[in-house]
Amino acid sequence: MAKVLIVDDAKFMRMTLSNILKKANHEIVGEGENGKEAVELYRSLQPDVVTLDITMPVMNGIEAVKAIKKLDPNAKIIMCSAMGQQKMVVEAIEAGAADFIVKPFEESRVIEALSRALM
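Counting from 51, one number per residue, gives the positions in the sequence shown under the numbering used here.
Pasting the structure below:
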């Protein structure tokens, strides 16, 4: 069981991910709406894995990956992106993200990405 922090500016997306992960027996330790919250919550909650949306207000997912990786070089981060954001996904992986999942979320793919990030 992993402690997961979910960060997405869309409440519906956070809910969807939360439901998938809870069904797979993971614990949701926190939720955030933007990259700045992601960094603050990561610092206070110390989750095992973070799911981060790429496009968010205040601070985007790529900036958040870099900031979290600065805090903890071993942070496990999974990026969430809508279709057609390949360039940003590559940027996120280069910044240190472990994997990425595409919206709309496919349950098996979400679980697979999380398992792989935890290895």
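Backbone N, C-alpha and C define an ideal beta-carbon position, used for all residues, glycine too.
{"Item": "For Lys126, the three-state DSSP class (helix, strand or coil)", "Value": "coil"}
{"Item": "Beta-carbon separation (whole angstroms), Gly146 vs Asn110, contact threshold 8 Å", "Value": "With a Cβ gap of about 15 Å, Gly146 and Asn110 do not count as contacting."}
{"Item": "Separation of Gln135 from Val54, as counted between CA atoms", "Value": "23 Å"}
{"Item": "Same chain, Cβ closer than 8 Å to Leu95, five either side skipped, listed in chain order", "Value": "Lys53, Leu55, Val79, Gly80"}
{"Item": "Among Ser131, Cys130, Ala88, nearest to Lys116 - alpha-carbon criterion", "Value": "Ala88"}
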